[in-house]
Structure formats: C-alpha cells, structure tokens
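Reading through the structure tokens given below for one structure.
2 protein chains.
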Amino acid sequence: MLKPLDPLLHSELRLAIVSILIGVEEADFVYIRTETGATAGNLSVQIDKLQKAGYIEVEKGFRGKMPRTVCRITHSGREAFAQYVETLKEYLKM
Amino acid sequence: MLKPLDPLLHSELRLAIVSILIGVEEADFVYIRTETGATAGNLSVQIDKLQKAGYIEVEKGFRGKMPRTVCRITHSGREAFAQYVETLKEYLKM
DNA sequence: TAAACAAGTTTATAAAATAAACCAAATATT
DNA sequence: AATATTTGGTTTATTTTATAAACTTGTTTA
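As given, the protein sequences belong to chains A and B, one line each in that order. Reading the first sequence from the start, the letters are residues 14 to 107 in this note's numbering. Reading the second sequence from the start, the letters are residues 14 to 107 in this note's numbering.
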C-alpha cells in the first residue's frame, strides 16, 4: 500500500518554492516569482502556508526603501522534503 | 524555469492508479481500491478522468454475475507518465 | 503632481478532491 | 420466502485547494 504524500509539498507551486530554497542559502520573493512564473498573489499565499507549516522561514524587511521578503528553508522543511522524495519514489517506481 | 507538471498526473490518487497500472498487464476496480485505500466514489471519478484523457482504457464487464471494471494503461498514458517523471526530477533535484 | 511601477496582501472565483448518498444485483439471514 | 447485507459501482453534494483579480502602500518617473 502506497504511503500518503505530504499534501503541503504535493502542490506544484509549493514544491517549486521548496525545490528552489533547498539549493540556496536564501531567496527573495521577487526571485522566486521569476523562477516559478507564479502570480504574486498565488506566491504570497503559498509562501504563507509553507511558513505556517514551519517548512520555511520568512523575513520581511527592506532593501533600501523597497520592501523585501526573504525566504529560507528550515530543518523541518528539509526533512519533510527528503521524506516526500522517498515516498514519491514508490509512486514513480524508482 | 521549472516546467509545469501534468495536472492530470500530479494528483495523489491518479498518480497511484497509473503507478499501479504501469507495473501490470491490467488491474480491476476492486484491486486498485484495496491497493490505494481510496473510497469507491473517489476512485470512480479519478478513473473516469484518466480514461477521458486517454491515459487508461476501461472495460466494464462481468466476472460471473458481478460487475467488473478492468483498467489498463495506454501507450499515451505510459508516455505521459514518463514525461511526468522527467519533469518531476527537476523539482526533486535528481 | 499625477501617472506608472514595485512588492506584496486580501478577497473572490474556479477547479479539485473527497465524501456522502444512492442504485442495482447478488448473496446471506431469519 | 421475505428481508437484510454485501458487492461493485455511480452520481451528486460538500469541502478544500489553487488561482486570479482587485486592492494597498509606498516609489520612482514624466
């Protein structure tokens, strides 16, 4: 019997966000937006969900005078991602 | 920029169905149901979607006197699955 | 100084997933 | 022999989720 997939990660945009953050020290809203091609609204919502789940850390500050939202993956997020990949491998027969 | 994931396959239950069918000649409704743990209603709906997309073939007949729904993956379904796996690998950094 | 732009957030809408209710036929129960 | 239960589903309703549209706040630029 296949294990359930973490619903928080099994979402195209949220998975893309985490996937980006896994590879870098940190990334800001604008960068993630251009990398994913998401609308600002959708991205804002999904970042919120990941943060509330404790998968990412979000720091809202300013770069000069413009607002800047920086995201980082957390330890818990990294673990959840690793677990998600393991589970998914069974679905993908890998 | 990450490619979009086939929304038909990027669904836990539909992915599970296709994953099962990839490995076997054919499988019936009851088997898929016990393997996935899905409710009959949900399974019925998702099988329908996969069939309408041409990813699977569905044959409704009888085994003895009881109805029996047999599913098989199609060539197109196999291709879509392979493509989905390739795309997903980029998200999973593999 | 008003128009356009940047970086988001909030709210509304569309689409999905899921569950609940239902159906028809078969088998088991009293 | 009637009735209850189970099997194998489908249909419809509800909930959840994803997405987009509209709005906000402050900033440049014309």
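Ideal Cβ positions, reconstructed from N, Cα and C, are used throughout, including at glycine. Please read these numbers as outputs of a predicted model, since none were measured by experiment.
Going along chain A in order, which residues have a C-beta closer than 8 Å to the C-beta of residue 104 of chain B?
28, 29, 32
Residues in its own chain within less than 8 Å of residue 27 of chain A by CB, not counting five upstream and five downstream?
21, 59, 62, 63
Looking only at its chain, what residues have a beta carbon closer than 6 Å to the beta carbon of residue 83 of chain B, apart from the 5 residues adjacent to it on each side?
39, 41, 72
Same chain, Cβ closer than 7 Å to residue 55 of chain A, neighbours up to 5 away in sequence not counted:
26
Residue nearest to residue 92 of chain A in terms of C-alpha spacing, selected from A:66, A:52, A:75
A:66
In chain order, each alpha helix (DSSP H) run of at least 4 residues that lies wholly inside the stretch 25-79 of chain A:
25-36, 42-49, 53-65
Check whether chain B comes within 8 Å of residue 15 of chain A, counting only Cβ atoms and requiring the distance to be less than that.
At a cut-off of 8 Å between beta-carbon atoms, residue 15 of chain A makes contact with chain B.
By the DSSP assignment, the alpha helix (DSSP H) with residue 102 of chain B in it spans what residues?
88-105
Out of curiosity, what's the CA-to-CA distance linking residue 48 of chain A and residue 57 of chain A?
Taking the straight line joining both Cα atoms gives about 14 Å.
Hey, how far is the Cα of residue 97 of chain B from the Cα of residue 78 of chain A?
42 Å
Going by CA-CA distance only, name the one from B:101, B:44, B:31, B:36 that's closest to residue 69 of chain B.
B:31
Select from B:103, B:90, B:43 the residue whose C-alpha is nearest the C-alpha of residue 76 of chain B.
B:43
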